[in-house]
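Engineer:
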Amino acid sequence: MSTSQHTQPQECNKFTSRCAQTSDGEMLALQKQAQRKDVCMVTPKQGMTSKMEMVCSSQTALKELDILLVGKTGYGKSAAGNTIIGHSVFKSVASVSSVTKDVSYRIVNFEDVVLKIVDGPGVADTSDTTDIKNTCNLIIDKMKDAIILSPEGYHAFLLVIKFGNRFTAEDNLSVVILKQIFGKDFVAKYCILLVNGGDNFKVENPNTCFKDWCKEQTGVFQSLLCECNNRAVLFDNKSKDPRVRIEQVKELVRVIESLPNGGQRYTDARFQEIAEHREQLLLEAKEPMIREETLKQVSQIITNIERVSMLEDSEQLDELQKIRLRAKEIEREVIERDNGTDVLKYALQTTDTLKKTIENKIDTLKKLIAEKEKTMKLEEDLIERKEKFEKRNREEMRLVEEELN
């Protein structure tokens, strides 16, 4: 075997890693270099990496796996991508309060597989419920870039989470948001949980393997595991041992190849199909928070109702009418948010019940006031009649006394 044949895989690795970030001029130069050295060549179609064409002398085409990294910002998504690639390429972001601004990628050879790793947009901290739609819209916008980078679609989504952080309802909300963007079934069909922090895992669980640890989990994380059919891999991004990295990537490739989609990709067509229902799906994601927000507002109104019940009837009626206006305003806001989807059914029922309760109180109070006014009028009439009777009686007595005298 010639020297060039011995060095071919190494040259191919170098070339494919460089190819992902080259300009048209650099690509031409690299093509010439490849022809001279008889090395593996990756040719992106139409200026972007479409289906990769591996043109290698005396070498069969390699299997391709296109992977998209997703997850909450600051959970080590980019670090995991760097581990798969074998060196630092993607920029890590420590903050959880911002959405990853750029989508980047690399193409590398791993054994008999060509891996395209796309570092997708990260989901920002979603504790501020008012930013959920903005967050989703920004991610959707960046996902268009990710689709362009892999026009044929993705074989797998790597949902990156962090070992050592309790998987909270807020973390689950990040997953919900991703479902709104990619579709409800994307976790079940295309998702693999990539758990960062393998170094800490080994320290905290020296006698427990990762699979057994997964079986012991409960709550929200266990539900997520079940949804993706227990597809989870543990990554140690800090290990300097190349054997650790190789075994991790081997396991990842094995799990990707076991996905139930039969090698079918998540495509742009699927992404666009989901877009038709995305507004309703976003509303479904926000429904628990809108419900909680509505309950807080209703609770405040009930407190105000109890407070005004101590006032005089006329003042109480004035205050209840003001409170009714506020209740109608809350109901109108919920109706506008729901937009006929019936997603906010619970919040609508709550505001409707509150409005009816206030109206019943107003009606009851009005009747009570009317009864009191009627009673007061009767009392006034009785007093007036009594006074007239007594006056007439006194007048008659006076006349009698005059006659007697």
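For the working numbering, count along the sequence shown from 1 and bump the result up by 1335. Beta carbons are placed, not taken as given, at the ideal position from N, Cα and C, and that holds for glycine.
Give the single residue among L1683, I1419, S1423, V1495 whose Cα lies nearest to the Cα of P1456.
Structural biologist: In the sequence shown, counting from the first residue as 1, residue 1456 sits at position 121. Looking at the Cα atoms, V1495 is the closest of the given residues.
Engineer: Let me check understanding here. Comparing Cα to Cα, which of D1506, V1588, F1498 lies closest to E1399?
Structural biologist: Numbered from 1 along the sequence shown, position 64 holds the residue referred to as residue 1399. Answer by Cα proximity: V1588.
Engineer: Find the nearest neighbour of N1596 within the set P1577, K1702, V1522, T1692, judged by alpha-carbon distance.
Structural biologist: By one-based count along the sequence shown, residue 1596 stands at place 261. The shortest Cα separation from N1596 among P1577, K1702, V1522, T1692 belongs to V1522.
Engineer: Could you give the first and the last residue of the continuous beta strand (DSSP E) run that contains Y1681?
Structural biologist: By 1-based counting over the sequence shown, the position of residue 1681 is 346. Looking at the DSSP string, Y1681 is not in any beta strand (DSSP E); the run it does join, the alpha helix (DSSP H), is 1680 to 1739.
Engineer: Taking 7 Å as the limit between beta carbons, can you name the residues of its chain near K1723, skipping five residues before and five after?
Structural biologist: The sequence position of residue 1723 within the sequence shown is 388, counting from 1. Within the same chain, K1723 has no close Cβ partners at all.
Engineer: Should L1717 go down as buried or exposed, given a rule of 16 or more other Cβ atoms within 10 Å for buried?
Structural biologist: As a first step, residue 1717 must be located in the sequence shown, where it is residue number 382. So L1717 ends up on the exposed side.
Engineer: Just the Cα atoms here: how many angstroms apart are K1663 and N1564?
Structural biologist: Counted from its first residue, the sequence shown places residue 1663 at position 328. Counted from its first residue, the sequence shown places residue 1564 at position 229. Near 46 Å, if we compare the C-alpha coordinates of N1564 and K1663.
Engineer: Going by DSSP in three states, E1487 sits in which element: helix, strand or coil?
Structural biologist: In the sequence shown, residue 1487 corresponds to position 152, counting from 1. The answer is coil: DSSP assigns E1487 none of H, G, I, E or B.
Engineer: Which term fits M1478, buried or exposed, when burial requires 16 or more other beta carbons within 10 angstroms of its beta carbon?
Structural biologist: Here residue 1478 refers to the residue found at position 143 when the sequence shown is read from its first residue. Buried: at least 16 other Cβ atoms inside 10 Å.
Engineer: Indicate the three-state DSSP secondary structure (helix, strand or coil) for K1519 in the structure shown.
Structural biologist: In the sequence shown, the residue the question calls residue 1519 occupies position 184. K1519: coil per DSSP, three-state reduction.
Engineer: Candidates I1402, I1419, K1426, H1422: which alpha carbon is nearest T1408's?
Structural biologist: Here residue 1408 corresponds to residue number 73 of the sequence shown, with the count starting at 1. Of the listed residues, the one whose Cα sits closest to T1408 is K1426.
Engineer: Distance, Cα to Cα, F1492 vs N1469?
Structural biologist: Here residue 1492 refers to the residue found at position 157 when the sequence shown is read from its first residue. Here residue 1469 refers to the residue found at position 134 when the sequence shown is read from its first residue. For F1492 and N1469, the distance between alpha carbons rounds to 22 Å.
Engineer: Just reading off the beta strand (DSSP E) that S1439 is part of, what are its end residues?
Structural biologist: As a working note, residue 1439 is residue 104 in the sequence shown. Looking at the DSSP string, the run of the beta strand (DSSP E) that includes S1439 is 1439 to 1445.
Engineer: Hey, would you say the C-beta of K1663 is under 6 Å away from at least one heavy atom of the ligand NAD?
Structural biologist: Absence of the ligand NAD from the depicted structure is noted, as is the absence of any ligand whatsoever, leaving it without description.
Engineer: Sort E1730, R1733, P1486, G1406 by Cα distance to A1604 and report the nearest one.
Structural biologist: Start at 1 with the first residue of the sequence shown, and residue 1604 comes out as number 269. Nearest option by C-alpha distance: P1486.
Engineer: If we ignore side chains and look at the alpha-carbon of each, how far apart do E1671 and I1693 end up?
Structural biologist: Translated into positions along the sequence shown, residue 1671 becomes position 336. Translated into positions along the sequence shown, residue 1693 becomes position 358. In a straight line, the C-alpha of E1671 is about 21 Å away from that of I1693.
Engineer: When DSSP labels each residue in this structure, what does V1530 get in the three-state scheme?
Structural biologist: Taking the first residue of the sequence shown as 1, we reach residue 1530 at position 195. Here V1530 sits in strand by DSSP.
Engineer: If I'm right that I1419 touches V1584 with Cβ under 8 Å, what's the distance once you round it to whole angstroms?
Structural biologist: Position 84 of the sequence shown, counted from the start, is the residue given in the question as residue 1419. Position 249 of the sequence shown, counted from the start, is the residue given in the question as residue 1584. With 8 Å as the limit, I1419 and V1584 qualify as a contact, their Cβ atoms being about 6 Å apart.
Engineer: What are the complete alpha helix (DSSP H) segments, minimum 4 residues, inside the stretch 1527 to 1596?
Structural biologist: With a minimum length of 4 residues, the continuous alpha helix (DSSP H) runs that stay inside the stretch 1527 to 1596 are 1533 to 1539, 1545 to 1551, 1554 to 1562, 1577 to 1592.
Engineer: Looking only at its chain, what residues have a beta carbon closer than 6 Å to the beta carbon of L1308, apart from the 5 residues adjacent to it on each side?
Structural biologist: Any answer about residue 1308 is impossible in this case: the structure gives the chain only from 1336 up to 1740.
Engineer: Alpha carbon to alpha carbon, what distance is there between R1626 and M1645?
Structural biologist: Looking up residue 1645 in the sequence shown gives position 310. Looking up residue 1626 in the sequence shown gives position 291. Between M1645 and R1626, the C-alpha separation is close to 30 Å.
Engineer: Leaving out the 5 sequence neighbours to the left and right, which residues in its chain are closer than 6 Å to D1673 when beta-carbon positions are compared?
Structural biologist: For the purposes of this step, residue 1673 is taken as residue 338 along the sequence shown, with counting starting at 1. L1679.
Engineer: Taking the CB atoms as reference points, tell me whether I1704 and D1648 lie closer together than 7 Å.
Structural biologist: As a position in the sequence shown, residue 1704 is number 369, starting the count at 1. As a position in the sequence shown, residue 1648 is number 313, starting the count at 1. Yes. Within cutoff.
Engineer: Checking 7 Å against the spacing of the C-beta atoms, do K1696 and L1655 come in under that value?
Structural biologist: In the sequence shown, counting from the first residue as 1, residue 1696 sits at position 361. In the sequence shown, counting from the first residue as 1, residue 1655 sits at position 320. Yes, they are a contact pair.
Engineer: Between which residues of its own chain and Q1340 is the CB-CB distance below 6 Å, once the five residues before and five after are set aside?
Structural biologist: As a working mapping, residue 1340 is identified with position 5 in the sequence shown. Per-residue confidence for Q1340 stands at a pLDDT of 36, beneath the threshold of 50, marking its modelled position as unreliable; the derived number appears in the next sentence. Same-chain partners within the cutoff: there are none.
Engineer: Is it right to say L1739 is buried, meaning 16 or more other beta carbons lie within 10 angstroms of its own, or is it exposed?
Structural biologist: The residue labelled residue 1739 in the question sits at position 404 within the sequence shown. L1739 comes out exposed.
Engineer: Using 8 Å for Cβ pairs, my map puts A1481 next to V1424. What's the rounded Cβ distance?
Structural biologist: To locate residue 1481, count along the sequence shown from 1; it is residue 146. To locate residue 1424, count along the sequence shown from 1; it is residue 89. A1481 to V1424, Cβ: 16 Å. No contact.
Engineer: Just to confirm, is the Cβ distance from F1536 to F1498 under 7 Å?
Structural biologist: Numbered from its first residue, the sequence shown carries residue 1536 at position 201. Numbered from its first residue, the sequence shown carries residue 1498 at position 163. Closer than 7 Å, so yes.
Engineer: Taking D1454 as part of the beta strand (DSSP E), name the residues at either end of that continuous run.
Structural biologist: For the purposes of this step, residue 1454 is taken as the residue at position 119 of the sequence shown. Looking at the DSSP string, the run of the beta strand (DSSP E) that includes D1454 is 1448 to 1458.
Engineer: Whole-angstrom Cβ separation of L1528 and L1559, contact assumed at under 8 Å?
Structural biologist: Here residue 1528 is taken as the residue at index 193 of the sequence shown, counted from 1. Here residue 1559 is taken as the residue at index 224 of the sequence shown, counted from 1. Rounded, the Cβ-Cβ distance is 7 Å, consistent with contact.
Engineer: Less than 7 Å between C-beta atoms, sequence neighbours within five positions excluded: which residues of the same chain meet that for N1639?
Structural biologist: Stepping through the sequence shown from its first residue, residue 1639 is reached at position 304. The answer, listed in chain order, is I1658.
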